[in-house]
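Chemist: With positions in the sequence shown counted from 1, the corresponding number in our numbering is that position plus 101.
Just so it is clear, CB atoms sit at the ideal spot from N, CA and C, and this is done for glycine as well.
Please read all numbers here as calculations on a predicted model, not as lab measurements.
There's a structure below that I have some questions on.
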Amino acid sequence: MQEPVNILLVDDQPAKLLSYEVILAELGENLIKAGSAREALEQLLRHDIAVVLTDVSMPELDGFELAAMIREHPRYRRTAIIFVSAIHLTDPDRLRGYAAGAVDYLPVPLVPELMRAKVKVFAELYRKTRELEGLNAELEKRVTERTAELERANAELERRVEERTREREAALSQVHEMQKMESLGQLTGGVAHDFNNLLMAVLGNLTLLKKQLPEDSRLIHFVDGAIAGAERGAKLTKRMLAFARRQELKPITVQVDALVRGMEDMLRRLLGQTIDIEVSVTPALPLIRIDPQQFELALLNLAVNARDAMPEGGRLTIRASRETGEDFTGGARGGDDFVCVAVADTGMGMDAATLARATEPFFTTKGVGKGTGLGLSMVHGLAAQSGGGMRIASQVGKGTVVRLWLPVDHARPAPQDESAEHVVHPVRGCRVLVVDDDPLILSGTAEMLRDLGHVVVEASSAAGAIETLRTDPKIDLVVTDHAMPHMTGMDLARVMHQDWPDIPVILASGYIDLPEPDDLPIPRLAKPYLQSDLAERVAAVMAERAAL
Ligand SMILES: Nc1ncnc2c1ncn2[C@@H]1O[C@H](COP(=O)(O)OP(=O)(O)OP(=O)(O)O)[C@@H](O)[C@H]1O
Ligand SMILES: [Mg+2]
102 MQEPVNILLV DDQPAKLLSY EVILAELGEN LIKAGSAREA LEQLLRHDIA VVLTDVSMPE
162 LDGFELAAMI REHPRYRRTA IIFVSAIHLT DPDRLRGYAA GAVDYLPVPL VPELMRAKVK
222 VFAELYRKTR ELEGLNAELE KRVTERTAEL ERANAELERR VEERTREREA ALSQVHEMQK
282 MESLGQLTGG VAHDFNNLLM AVLGNLTLLK KQLPEDSRLI HFVDGAIAGA ERGAKLTKRM
342 LAFARRQELK PITVQVDALV RGMEDMLRRL LGQTIDIEVS VTPALPLIRI DPQQFELALL
402 NLAVNARDAM PEGGRLTIRA SRETGEDFTG GARGGDDFVC VAVADTGMGM DAATLARATE
462 PFFTTKGVGK GTGLGLSMVH GLAAQSGGGM RIASQVGKGT VVRLWLPVDH ARPAPQDESA
522 EHVVHPVRGC RVLVVDDDPL ILSGTAEMLR DLGHVVVEAS SAAGAIETLR TDPKIDLVVT
582 DHAMPHMTGM DLARVMHQDW PDIPVILASG YIDLPEPDDL PIPRLAKPYL QSDLAERVAA
642 VMAERAAL
């Protein structure tokens, strides 16, 4: 059943209105009656009218005037208006009616069928138009909804693409940063290696020269100056090697808390009275495996950085706790066991640009001659070479935290007494074979040994050394460089282990990451070494040999 529409019937004569009503009743629409044009306008405002059926001649406003007024209302611009004209209309009259907005005429006397048919057509038209409008609105609503959905999906897609792009860029820049550091490391390591050898020659010869000078000589002063300079150079190359992760580490199993506590006094003296020091170590921390000397040096570096960042004083906090290491491995090695040592200060902090470059070797903000820019590089290198890592967090004006993750040593129990050093007595009169491909170092080391009272035989290669061992049965000890062409010092040690197992070997090296074969523990000597280092190592090795 269709919804009925409103049909407005206008006539000043009630009898005629009644007749319209009777005729149209069977259409089943709503019939609304108005006795004057004014009343008709009121009804038009009150209802939604589909068809207006009006008499032409009415007192006050006639049908044409009413039609013109209806047309003025935007809602009724297209409403069907049918005129009923009792008097005979001339053509100009009709035209006037059409101009006023009429769509049709019904002549009097009325033919009921005609009247019904005409009203019905316009009522249907109105209904269809309404339906179409409804459908149209629904369609528009759906289109809007779909568009919004598409826009949402699009925005989500764009967001994801942006996110991926950002992730990719971050990963790429990380790779780039790592590659940069890697090549910087290689370069630094290479330079440091060569310098190390040169400094060895300088230091060795200076030490010998000093011994030749009479005690009261004014020249000793100059030699001391030169030795001090060369020693500073050696320290620098050590830091460079540390950054390049090529320093020779002597890791042992240690307790972090003991190490840290052992440094407290020294740190207090170093930092002065304006800086408070707080050490907080979680009790019963597991043991870690690290080179204790290098670790102390690293802490010292961090403390000096903190001091420099707090010229007005402040607080230095050292904390040690057990952690998984997820923070520095990015979750990749999560679950691993680490001891995290955090060194925090309340100093000036770093801006983003400084922070990004802080661990780069030679990056310093401390001015020429004040900082080498190798401090953090060394610390980072040590942590990485020890199987851990380093992260820095900093905020301008607030302070800086440097965290070091060091792997827990699961393999070994705590050594009972690390500090009990053997007392070594100096030895003299050994027959020592010195092997080095660098003639400067070869003669320098030989001179040092002769000066210590030993007899020295020299060889410039591992092959030459083997030749000497074959022909000279009296060799007591071999001191060999590691990095040599054709055959390394390590290779030589292996051959000797086979053929001359009784002759001890000392391996001198400052550069290559030496493999640490468990079956062949070889005493090491870190380059550059002083005569005293050499004497101590030789004495220790010979004493061990004698004890067997
Ligand atoms: N705790 C800190 N607070 C603020 N800035 C720091 C801190 N530690 C390091 N920095 C910044 O990082 C730079 C690099 O530090 P790094 O220790 O490598 O070299 P350096 O201290 O400048 O030189 P050196 O260690 O040889 O004295 C510093 O110059 C400084 O700008
Ligand atoms: Mg520093």
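Would you mind working out which of Leu-128, Met-159, Gly-129 and Glu-130 sits nearest Thr-141, comparing C-alpha positions?
Modeler: Your numbering for residue 141 matches position 40 in the sequence shown. Residue 141 is actually Ala in this sequence, not Thr. The shortest Cα separation from Ala-141 among Leu-128, Met-159, Gly-129 and Glu-130 belongs to Met-159.
Chemist: Please check if any C-beta of chain B sits within less than 7 Å of the C-beta of Leu-128.
Modeler: In the displayed structure, chain B is absent; only one protein chain is listed.
Chemist: Taking 6 Å as the line, does the beta carbon of Met-451 fall inside it for any heavy atom of ligand 1?
Modeler: As a first step, residue 451 must be located in the sequence shown, where it is residue number 350. Checking every heavy atom of ligand 1 against the Cβ of Met-451, one is found closer than 6 Å.
Chemist: Does the beta-carbon distance from Gly-500 to Gly-545 come in below 7 Å?
Modeler: Here the question's residue 500 lines up with position 399 in the sequence shown. Here the question's residue 545 lines up with position 444 in the sequence shown. No.
Chemist: Within a Cβ cutoff of 8 Å, which residues of the same chain sit near Val-226, ignoring the five residues on either side of it in sequence?
Modeler: Within the sequence shown, residue 226 is the residue found at index 125, counting from 1. This sequence places Leu at residue 226; Val is not what is there. Closer than 8 Å at the Cβ level, and outside the excluded window around Leu-226, lie Ala-181.
Chemist: Based on the DSSP output, what are the partners of Ala-181 in its beta bridges?
Modeler: For the purposes of this step, residue 181 is taken as the residue at position 80 of the sequence shown. Per DSSP, Val-152.
Chemist: Taking the straight line between their C-alpha atoms, what separation do you get for Glu-246 and Pro-175?
Modeler: Translated into the one-based positions of the sequence shown, residue 246 becomes position 145. Translated into the one-based positions of the sequence shown, residue 175 becomes position 74. Cα to Cα, the separation comes out at about 29 Å.
Chemist: Residues around ligand 2, please: the condition is that the C-beta lies closer than 5 Å to some non-hydrogen atom of it.
Modeler: Having a Cβ closer than 5 Å to some heavy atom of ligand 2 are Asn-406 and Gly-476.
Chemist: From the DSSP output, read off the bridge partner residues of Thr-581.
Modeler: Locating residue 581 in the sequence shown gives position 480, counting from the first residue. Thr-581 is bridged by DSSP to Val-536 and Leu-608.
Chemist: Any heavy atom of ligand 1 within a distance shorter than 6 Å of the CB on Lys-575?
Modeler: Stepping through the sequence shown from its first residue, residue 575 is reached at position 474. Every heavy atom of ligand 1 is 6 Å or more from the Cβ of Lys-575, so no.
Chemist: Assuming Arg-147 is part of the alpha helix (DSSP H), what are its boundary residues?
Modeler: To locate residue 147, count along the sequence shown from 1; it is residue 46. That run of the alpha helix (DSSP H) goes 138-147.
Chemist: Use the C-beta contact count for Met-279: other C-beta atoms within 10 angstroms, 16 or more gives buried, fewer gives exposed.
Modeler: What you label residue 279 is simply residue 178 of the sequence shown in a count that begins at 1. Classification of Met-279: exposed, given that the 10 Å Cβ count is below 16.
Chemist: Sort Arg-228, Thr-155, Arg-197 and Glu-104 by Cα distance to Met-216 and report the nearest one.
Modeler: Residue numbering aside, residue 216 sits at position 115 when the sequence shown is read from its first letter. Taking only the C-alpha atoms, the option nearest Met-216 is Thr-155.
Chemist: Between the alpha carbons of Leu-288 and Arg-347, how many angstroms are there, rounded?
Modeler: Here the question's residue 288 lines up with position 187 in the sequence shown. Here the question's residue 347 lines up with position 246 in the sequence shown. Going by the C-alpha atoms only, they are around 12 Å apart.
Chemist: Please determine if the segment 321-329 and the segment 455-464 are in contact, where contact requires at least 3 C-beta pairs separated by less than 8 Å.
Modeler: no
Chemist: Could you check whether the Cβ of Ala-410 sits closer than 6 Å to any heavy atom belonging to ligand 1?
Modeler: As a first step, residue 410 must be located in the sequence shown, where it is residue number 309. At least one heavy atom of ligand 1 is nearer than 6 Å to the Cβ of Ala-410, so yes.
Chemist: How close, in whole Å, do the beta carbons of Met-585 and Asp-538 come, if the pair is a contact with beta carbons under 8 Å?
Modeler: Within the sequence shown, the letter at position 484 stands for residue 585. Within the sequence shown, the letter at position 437 stands for residue 538. Met-585 to Asp-538, Cβ: 4 Å. Contact.
Chemist: Per DSSP, what kind of secondary structure is Phe-464 in: helix, strand or coil?
Modeler: Taking the first residue of the sequence shown as position 1, residue 464 is located at position 363. The answer is coil: DSSP assigns Phe-464 none of H, G, I, E or B.
Chemist: Under 7 Å between the Cβ atoms of Gly-136 and Phe-165?
Modeler: Here the question's residue 136 lines up with position 35 in the sequence shown. Here the question's residue 165 lines up with position 64 in the sequence shown. Result no, Cβ atoms of Gly-136 and Phe-165 do not sit closer than 7 Å.
Chemist: Spatial neighbours of Lys-117 within its chain, please: C-beta separation below 6 Å, excluding the five flanking residues on both sides.
Modeler: One-based indexing of the sequence shown puts residue 117 at position 16. Here the set comprises nothing.
Chemist: With distances taken Cα to Cα, identify the nearest neighbour of Leu-398 among Leu-507, Arg-261, Arg-340 and Met-170.
Modeler: Position 297 of the sequence shown holds residue 398. Closest by alpha carbon: Arg-340.
Chemist: Runs of 3 residues minimum, wholly inside the segment 375-453: which ones carry the beta strand (DSSP E) assignment?
Modeler: 376-382, 389-391, 415-424 and 439-446
Chemist: Following the continuous beta strand (DSSP E) through Gln-496, name the residue where it begins and the one where it ends.
Modeler: Here the question's residue 496 lines up with position 395 in the sequence shown. 490-496 is the span of the beta strand (DSSP E), which, as asked, contains Gln-496.
Chemist: According to DSSP, Ala-573 sits in a beta bridge with which residue or residues?
Modeler: Looking up residue 573 in the sequence shown gives position 472. Correcting the residue identity first, residue 573 is Asp in this sequence and not Ala. Looking at the DSSP assignment, Asp-573 forms no beta bridge with any residue, so it has no partner.
Chemist: So who's on the other strand from Pro-208, going by DSSP bridges?
Modeler: If you number the sequence shown from 1, residue 208 lands on position 107. According to DSSP, Pro-208 bridges with Ser-186.
Chemist: Can Pro-352 and Phe-439 be called in contact, C-beta distance under 7 Å?
Modeler: In the sequence shown, residue 352 corresponds to position 251, counting from 1. In the sequence shown, residue 439 corresponds to position 338, counting from 1. Cβ atoms of Pro-352 and Phe-439: not closer than 7 Å.
Chemist: I need the boundaries of the beta strand (DSSP E) containing Glu-104, first residue and last residue.
Modeler: As a working mapping, residue 104 is identified with position 3 in the sequence shown. Taken as a continuous stretch (DSSP letters only), Glu-104 belongs to no beta strand (DSSP E), as it is neither H nor E.
Chemist: So, at 6 Å on beta carbons, what are the nonlocal neighbours of Arg-408 in its own chain, with the 5 sequence-adjacent residues on each side left out?
Modeler: On the sequence shown, position 307 is the one that residue 408 refers to. Same-chain partners within the cutoff: Leu-372.
Chemist: Short of 6 Å in beta carbon distance, which residues of its chain neighbour Glu-519, apart from the five on each side in sequence? Order them along the chain.
Modeler: As a first step, residue 519 is located in the sequence shown; it is residue number 418 there, counting from the start. With a pLDDT of only 40 at Glu-519, under 50, the local geometry of the prediction cannot be trusted, and the value read off the model is given with reservation. If we look at Glu-519 and ignore the five residues flanking it on each side, it has no Cβ neighbours.
Chemist: In terms of residues, what are the limits of the beta strand (DSSP E) holding Thr-501?
Modeler: Position 400 of the sequence shown, counted from the first residue, corresponds to residue 501. It spans 500-508 - the beta strand (DSSP E) in which Thr-501 sits, taken as one unbroken run.
Chemist: Could you check whether Leu-505 and Val-579 sit closer than 7 Å to each other, using their CB atoms as the reference points?
Modeler: In the sequence shown, counting from the first residue as 1, residue 579 sits at position 478. In the sequence shown, counting from the first residue as 1, residue 505 sits at position 404. Judged by beta-carbon spacing, Leu-505 lies beyond the 7 Å limit of Val-579, meaning their Cβ atoms are not closer than that value.
Chemist: Any idea which residues DSSP pairs Arg-625 with across the strands?
Modeler: What you label residue 625 is simply residue 524 of the sequence shown in a count that begins at 1. For Arg-625, the pairing in a beta bridge is given by DSSP as Leu-608.
Chemist: In the DSSP assignment, what residue or residues form a beta bridge with Glu-127?
Modeler: Within the sequence shown, residue 127 is the residue found at index 26, counting from 1. Paired residues: none, contrary to the question.
Chemist: So, is Arg-253 buried or exposed, given that buried needs 16 or more other C-beta atoms within 10 angstroms?
Modeler: As a first step, residue 253 is located in the sequence shown; it is residue number 152 there, counting from the start. Counting Cβ neighbours within 10 Å, Arg-253 comes out exposed, since fewer than 16 surround it.
Chemist: Would the C-beta of Ala-485 count as close to ligand 1, meaning under 6 Å from any of its heavy atoms?
Modeler: Taking the first residue of the sequence shown as position 1, residue 485 is located at position 384. Every heavy atom of ligand 1 is 6 Å or more from the Cβ of Ala-485, so no.
Chemist: Is Ala-563 near ligand 1, judged by its Cβ being under 6 Å from some heavy atom?
Modeler: By one-based count along the sequence shown, residue 563 stands at place 462. No, since every heavy atom of ligand 1 falls outside the 6 Å radius drawn around the Cβ of Ala-563.
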